[in-house]
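Q: Here the working numbering is used: the first residue of the sequence shown is 966, the next is one more, and so on. Using N, Cα and C, we set each Cβ at its ideal position, and we do this for glycine too. Let me begin by handing over the structure; questions about it come next.
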Amino acid sequence: MKLFFQTLLILLPFFSKSQCIASAVNTGDTVFIAADSRLVEFVTEPNRHRQDTLFQTTCKIKFAGKFNFVLSDPDDTTRINIIQKIAASANNLQELTARYLEIMKSMIAEHYRFAKEHNPAEYKMVIDKPVFTTWFLGYENNKSRLISIHFYVNNGVKKPVVVSASTEEPRFDEICNLKWRQLVDPHNIIAGGRAADNSNVERVRHTVTWQTNMFPRQTGGPIDVLIITKAGKKWIQQKNECR
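Structure, rendered in structure tokens:
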């Protein structure tokens, strides 16, 4: 049973990349976030002549105290609980990020050390690739913040497995499927004013909608759109299950 769960941990990032789509723009005074809302399961009848699609609603834009976050695998209850626990005592996004990195590096390394020993073929699939992505979002020190964290698994020298992480504050980012940079020109991100709000809301909404239309068998459902400003959080649209 333990071997099964270790294998699942290795493959989870690849399943998540096909199931979860989120896009974000940070103009410096506002963060715009859009997220697809459902995971997809396919059920094939015993005679294999019929396949039903079941959609499970997920709330990908999550909250922990005063902080906001998005996970590449939104049903990862372990990471959700870790973030919520850290958020209870963190004073700002910098503290939240530092504590999260420390805990997650240790936890991921432990899991993949076991995987390297018992599932070498699957382990090779994740070497030097981002296995998890986390966004922390908010408004601090008179500016909007979008912190994008990517965790990588590497072969160690003194240790069998080393987990590294990159932390960036991009103007735009996306989780899953096609890269945002193929769809959005960074020079077209506008800062300030109602026109900018409308334009950037449509950018994140269009990117998610475009990808869900391109991958109808992997994604779908109503889209959540949230903006974060100095005044606080404002939902542009939100499905009932997440209210």
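1. Rounded to the nearest angstrom, what separates Ala-989 and Glu-1139 at their Cα positions?
2. Looking only at its chain, what residues have a beta carbon closer than 6 Å to the beta carbon of Gly-1197, apart from the 5 residues adjacent to it on each side?
3. May I have the straight-line CA-CA distance separating Arg-1078 from Glu-1060, to the nearest angstrom?
4. Is the beta carbon of Ile-1045 less than 8 Å from the beta carbon of Leu-1102?
5. Mind checking Pro-1151: buried by the 16 CB within 10 Å criterion, or exposed?
6. Whole angstroms are fine: how far does the CA of Val-1096 sit from the CA of His-1083?
7. Beta-carbon within less than 8 Å of Val-1126's beta-carbon, same chain only, minus the 5 sequence neighbours each way: which residues are those?
8. Are there 16 or more other CB atoms within 10 angstroms of the CB of Thr-995, so buried, or fewer, so exposed?
9. What is the DSSP secondary structure of Gln-1202, reduced to helix, strand or coil?
10. Run through the DSSP bridge pairs and tell me what Ile-1140 is partnered with.
11. Sorted by chain position, which residues of the same chain lie with C-beta nearer than 8 Å to Arg-1064's C-beta, five sequence neighbours on each side aside?
12. Runs of 4 residues minimum, wholly inside the segment 1072 to 1146: which ones carry the alpha helix (DSSP H) assignment?
13. With DSSP as the reference, please indicate the residues paired to Lys-1027 in a beta bridge.
14. Quick check on the DSSP output: the beta strand (DSSP E) that includes Ala-999 runs from which residue to which?
15. I'd like to know whether the C-beta atoms of Ala-1000 and Lys-1025 end up nearer to each other than 8 Å.
16. Using 10 angstroms around the beta-carbon of Ser-1113, count the other beta-carbons present and answer buried if the total reaches 16, otherwise exposed.
A: This is what the structure holds:
1. Between the alpha carbons of Ala-989 and Glu-1139 lies a gap of roughly 6 Å.
2. none
3. 28 Å
4. no
5. The pLDDT assigned to Pro-1151 is 49, lower than 50, so where the model puts this residue is not dependable, and the model offers no usable value.
6. 18 Å
7. Ala-1074, Tyr-1077, Arg-1078, Lys-1081, Val-1118, Asn-1119, Asn-1120
8. buried
9. Reduced to three states, the DSSP call for Gln-1202 is strand.
10. Ala-987
11. Within the same chain, Arg-1064 has close Cβ partners Ile-1051, Ala-1055.
12. 1085 to 1089
13. Phe-1034
14. 996 to 1001
15. yes
16. buried
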